[in-house]
Amino acid sequence: MRNPCLVGTKVYLRPLEEADAAECHVWLNDPDVRRTLAVRGVPHTEASSRAWLRALDPRRDQVFAIVTNEGGLYVGNCGLHDIDPVDRHATLGIVIGRKDRWGQGFGTETVRLLCRHAFDDLNLHKVCLSCYATNERGLRLYARAGFTVEGRRREQVFIDGRWVDEILLGLVRGEAPVG
Ligand SMILES: CC(C)(COP(=O)(O)OP(=O)(O)OC[C@H]1O[C@@H](n2cnc3c(N)ncnc32)[C@H](O)[C@@H]1OP(=O)(O)O)[C@@H](O)C(=O)NCCC(=O)NCCS
Numbered sequence: 000m001r002n003p004c005l006v007g008t009k010v011y012l013r014p015l016e017e018a019d020a021a022e023c024h025v026w027l028n029d030p031d032v033r034r035t036l037a038v039r040g041v042p043h044t045e046a047s048s049r050a051w052l053r054a055l056d057p058r059r060d061q062v063f064a065i066v067t068n069e070g071g072l073y074v075g076n077c078g079l080h081d082i083d084p085v086d087r088h089a090t091l092g093i094v095i096g097r098k099d100r101w102g103q104g105f106g107t108e109t110v111r112l113l114c115r116h117a118f119d120d121l122n123l124h125k126v127c128l129s130c131y132a133t134n135e136r137g138l139r140l141y142a143r144a145g146f147t148v149e150g151r152r153r154e155q156v157f158i159d160g161r162w163v164d165e166i167l168l169g170l171v172r173g174e175a176p177v178g
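All the letters of the sequence shown, read from the start, carry residue numbers 0 to 178 under numbering that gives the first Met the number 0.
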């Protein structure tokens, strides 16, 4: 393991580095991966990914690389964004960019690791996120992790030529099967 911050049984999370931009910008251009992401509308280059990473303030955005324990494969990015020190909430983001690695439990474990970090290390009260209604895999994952649907923004995003609802979800400290 290199530079592990949060360690699970299948994956560990290490700080995302500028050097990771060389690999992860490619995932963000993959139509299957980007379809359910807010960044889907623009092309990504190594330079734009580096610039995004450089601009982050770690007090506000904590971003991690997701790496498999077995084989040390860098499979995705995740993070807690817009960390609010007054209201003590943050917005969770995740992408398993290597789509050949979907369905192996990496996403589920990553969400659990991030929520545990939010509650037990950062002393946050709530983790929020939004997920598009067409993202069934994501919605099942968040339900498994204990998130509650709190709202629905109708026809909020335009994906593959049609309007799609955005589902708002939240997990309040203590109500989770964070595991
Ligand atoms: C959504 C996303 C994060 C899910 O990641 P993932 O690693 O595929 O998720 P998991 O493997 O934990 O769960 C997916 C399925 O695999 C199953 N699974 C869990 N552990 C498993 C294992 N050890 N072996 C096989 N399957 C497993 C889960 O039960 C789940 O099945 P279900 O969807 O039928 O309920 C990933 O598909 C992704 O990055 N998509 C593109 C970006 C995106 O949508 N991000 C989220 C925006 S809100």
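Yeah, the Cβ is synthetic: ideal placement off N, Cα and C, and Gly gets one too.
The beta carbons of residue 140 and residue 90 sit no closer together than 8 Å.
Residues of the same chain with a CB within less than 6 Å of the CB of residue 146, apart from the 5 flanking positions on each side, are 168, 170 in chain order. Using a Cβ distance threshold of 8 Å, residue 23 and residue 12 do not count as a contacting pair. With fewer than 16 other Cβ atoms inside 10 Å of its own Cβ, residue 59 counts as exposed. Below 8 Å, too few C-beta pairs join the segment 66-76 and the segment 111-130 to call them touching: fewer than three. Distance check between residue 96 and each of 18, 64, 47 places 64 closest, using alpha-carbon atoms only. Out of 66, 86, 143, the CA that lies nearest to the CA of residue 19 is found in 66. If you draw a straight line from the Cα of residue 123 to the Cα of residue 130, it is about 21 Å long. In summary, residue 33 is buried, with 16 or more beta-carbon neighbours lying within 10 Å of its beta-carbon over all protein chains present.
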